[in-house]
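J.: Dropping the structure in here first, questions after.
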Amino acid sequence: MNDPAQILRDHQPTKEFFVGIDSDGCIFDSMEIKHKECFAPMFIKYWNLQAVSKYAREVWEFVNLYSKSRGCNRFPALTSAIQLLSERPEVTARNVKLPALSALEEWMSRETKLGNATLNTEVAGGNEGLAPVKVWSDGVNASVADIVQGVPPFPLVRETLVKINEKADAMCISQTPVDALEREWGEHGIRDFVSIIAGQERGTKIQHLEMAAKDKYPSDKILMIGDAPGDRKAAEANGALFFPINPGSEEQSWQRLHEEALDRFFACTYAGDYEKQLGDEFEACLPESPPWK
Numbered sequence: 085m086n087d088p089a090q091i092l093r094d095h096q097p098t099k100e101f102f103v104g105i106d107s108d109g110c111i112f113d114s115m116e117i118k119h120k121e122c123f124a125p126m127f128i129k130y131w132n133l134q135a136v137s138k139y140a141r142e143v144w145e146f147v148n149l150y151s152k153s154r155g156c157n158r159f160p161a162l163t164s165a166i167q168l169l170s171e172r173p174e175v176t177a178r179n180v181k182l183p184a185l186s187a188l189e190e191w192m193s194r195e196t197k198l199g200n201a202t203l204n205t206e207v208a209g210g211n212e213g214l215a216p217v218k219v220w221s222d223g224v225n226a227s228v229a230d231i232v233q234g235v236p237p238f239p240l241v242r243e244t245l246v247k248i249n250e251k252a253d254a255m256c257i258s259q260t261p262v263d264a265l266e267r268e269w270g271e272h273g274i275r276d277f278v279s280i281i282a283g284q285e286r287g288t289k290i291q292h293l294e295m296a297a298k299d300k301y302p303s304d305k306i307l308m309i310g311d312a313p314g315d316r317k318a319a320e321a322n323g324a325l326f327f328p329i330n331p332g333s334e335e336q337s338w339q340r341l342h343e344e345a346l347d348r349f350f351a352c353t354y355a356g357d358y359e360k361q362l363g364d365e366f367e368a369c370l371p372e373s374p375p376w377k
């Protein structure tokens, strides 16, 4: 298929409701292991940050795990991490030369599908400034494939997916590469609970929801489940509802979804005060400013 996103445009409702579900940190308890054991080490290795590894790791984890940018696409995450690192006096004091990412910023300003496929095409077309980004991204993918195995879904995920499937079309909406998502969902026997797996190659989360669900279902019958502000933003941009899997309280969140929130969604009593209460609790989980400032 020439356009990976066409499968989303072609989606037609088979049930009354639609549920989009994020993967890393939402379905799977995989955010910590992916970022601490794969992304952060590759960030240090491929961008020559060994002399400031402590601060590089701290910055990477803040951007991707412990702040309101949690769950963002890897390429904006890279530029954010380098920018935060450049502001740290400890890095300046060590005279560490940080990489210039102007080629990456230029590419991100015009590319709507920030993924490995579009990156590879750009590099193959002669964009030498993106070559180091490709090497890093490939290194991350290899590390994830090697290390992230046997990480099961959170408790009650399977039972909740069964309940979702009774009344809703379900779809995975993520910024992880599709092949990794297919591998992880397949490994744990939950692939059949979603009709489509939408990863970074198929656009942003906002675009995923827009193409697959907006204007195909009533807005109060579309629910996005996620653990990051980007998931909430995707829901709001499409007039959909949002249920948060709160970082640090994931098991309690899945219990609440399974025992209470999903019933409210299907009864069309979710919007309003109930959704706002959940949203306020979610906002309190993630800070905007790093602790070292």
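So for the sequence shown, our numbering puts the first residue at 85; every next one is plus one. Ideal Cβ positions, reconstructed from N, Cα and C, are used throughout, including at glycine.
(1) Buried or exposed: where does ALA297 fall if 16 or more other Cβ atoms within 10 Å of its Cβ makes it buried?
(2) On a Cα-Cα basis, can you pick out the residue from LEU307, PRO374, ALA318 that is closest to PHE349?
(3) DSSP three-state label for ASP347, please.
(4) Using only alpha-carbon positions, find the residue among PRO328, LYS377, GLY209, PRO88 that is nearest to LEU362.
(5) Quick check on ILE306: does DSSP put it in helix, strand or coil?
(6) Looking at C-alpha atoms only, which residue of LEU162, PRO371, ASP315, LYS360 is the closest neighbour of GLY155?
(7) Leaving out five residues before and five after LEU265 in sequence, what residues of the same chain have Cβ atoms less than 7 Å from its Cβ?
(8) Going by DSSP, what residues sit across from LYS298 in a beta bridge?
(9) Looking only at its own chain, which residues have a Cβ that is under 7 Å from the Cβ of LYS118, when we skip the five neighbours before and after it?
(10) Drop a sphere of 10 angstroms on the beta-carbon of TRP381, count the other beta-carbons inside from all chains shown, and report buried for 16 or more, exposed for fewer.
(11) Can you name, in chain order, every residue of its own chain whose Cβ lies under 6 Å from the Cβ of ARG275, other than the five neighbours on each side?
(12) What does the alpha-carbon distance come out to for the pair GLU285 and ILE91?
(13) Does the segment 165–173 come close enough to the segment 139–154 that 3 or more CB-CB pairs lie under 8 Å?
(14) By DSSP, does PRO313 sit in helix, in strand, or in coil?
T.: Result, derived from the coordinates:
(1) So ALA297 counts as buried.
(2) Of the residues LEU307, PRO374, ALA318, the one whose Cα lies closest to the Cα of PHE349 is LEU307.
(3) ASP347 carries a helical assignment under DSSP once its states are collapsed to helix, strand and coil.
(4) For LEU362, the closest C-alpha among the options PRO328, LYS377, GLY209, PRO88 is that of PRO328.
(5) Per DSSP, reduced to three states, the secondary structure at ILE306 is strand.
(6) Looking at the Cα atoms, ASP315 is the closest of the given residues.
(7) Closer than 7 Å at the Cβ level, and outside the excluded window around LEU265, lie SER107, CYS256, SER258, ILE281, GLY283.
(8) Per DSSP, the beta-bridge partners of LYS298 are TYR301.
(9) Cβ contact annotation for LYS118 (same chain, cutoff 7 Å, sequence separation greater than five): ASP108, VAL228, VAL232, in chain order.
(10) The shown model of the chain, from 85 to 377, leaves out residue 381, and the question about it has no answer.
(11) For ARG275, where only same-chain residues beyond five positions count, the Cβ hits under 6 Å are TRP269.
(12) Cα to Cα, the separation comes out at about 12 Å.
(13) Segments in contact, yes.
(14) Look at PRO313 here: in three-state DSSP terms it is helix.
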